[in-house]
Amino acid sequence: LPTPAPLIPGREGSGEIVEIGAEVQGGFKVGDRVAFLGQNTYSDYVVVDPVHVAKLPDHVSLEA
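Taken in order, the sequence shown gives residues 16 to 79; the numbers are from the working numbering.
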């Protein structure tokens, strides 16, 4: 399939929540370490539907 430019790769990632939308539910808070599915995840910041986000336990690294 044709890919429009510019392409930012990535379909999954991990990181720390830095901001939460006003209507987001699910018990997330700023600072939570999470893994997620989305698009353009090689970006510095991404916006992800919370249904595709999971909190990471403390013993799991962001690199795992």
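Beta carbons are placed, not taken as given, at the ideal position from N, Cα and C, and that holds for glycine.
This one's a predicted model, so the numbers in the text were calculated from it and none came from an experiment.
Span separating the alpha-carbon of residue i from that of residue j
i	j	result
valine 45	proline 21	30 Å
glycine 36	proline 17	32 Å
glycine 41	serine 76	22 Å
arginine 48	glutamate 31	4 Å
lysine 70	proline 24	23 Å
leucine 52	aspartate 73	20 Å
glutamate 38	proline 19	31 Å
Extent of the continuous beta strand (DSSP E) run through residue i
i	result
valine 68	68–70
leucine 52	48–52
glycine 28	27–31
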